[in-house]
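Visitor: Heads up, the sequence shown is in UniProt numbering, so the first residue is 1 and it goes up one at a time.
Where a beta carbon is used, it is the ideal one built from N, C-alpha and C, also for glycine.
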Amino acid sequence: MTVEKLSEIADVSVGTISTLERKLKVNLSITTLLKLMDALNMKPYELFGSADPSIDELLEDNRALEEKLQNIADIVNSKPE
C-alpha cells in the first residue's frame, strides 16, 4: 500500500505518515492513530496488548461523530445565502 493510498483510506495527511515512516518524534493524536489502525486493519490489542472493547467503541463513536459533523456541514453548505 502506498503512502498516498493509506492517506486517502485513513483520511490522514501524507506528511503525518511520512513523519511516522522517518521515525521522527511526533505528536500523534489518538484520532489519527485510530484512523491509521483502522485503515491498516489493525486490531487495538495488536498495539495495546489487550482486547479492550472500549477501543472499538471509541472507533465507532469517532465514526459516528464524523458522520454527524459531515451532515451538519452538508446542510450548512447547501443553504443559499
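Should isoleucine 72 be labelled buried (16 or more other beta-carbon atoms within 10 Å of its own) or exposed?
Guide: Residue mapping note: residue 72 aligns to position 72 of the sequence shown, counting from 1. Exposed, since its Cβ has fewer than 16 Cβ neighbours within 10 Å.
Visitor: Buried or exposed, going by whether 16 or more other CB atoms sit within 10 Å of the CB of isoleucine 17?
Guide: Here residue 17 refers to the residue found at position 17 of the sequence shown. So isoleucine 17 ends up on the buried side.
Visitor: Just how far apart, CA to CA, sit leucine 65 and asparagine 77?
Guide: Within the sequence shown, the letter at position 65 stands for residue 65. Within the sequence shown, the letter at position 77 stands for residue 77. Rounded to whole angstroms, leucine 65 to asparagine 77 spans 18 Å at the Cα level.
Visitor: Thinking C-alpha only, which one of Lys68, Glu67, Met42 is nearest aspartate 56?
Guide: As a position in the sequence shown, residue 56 is number 56, starting the count at 1. The candidate whose alpha carbon is nearest that of aspartate 56 is Met42.
Visitor: Could you check what DSSP says for threonine 2 in three-state terms: helix, strand or coil?
Guide: If you number the sequence shown from 1, residue 2 lands on position 2. Coil at threonine 2, not helix or strand.
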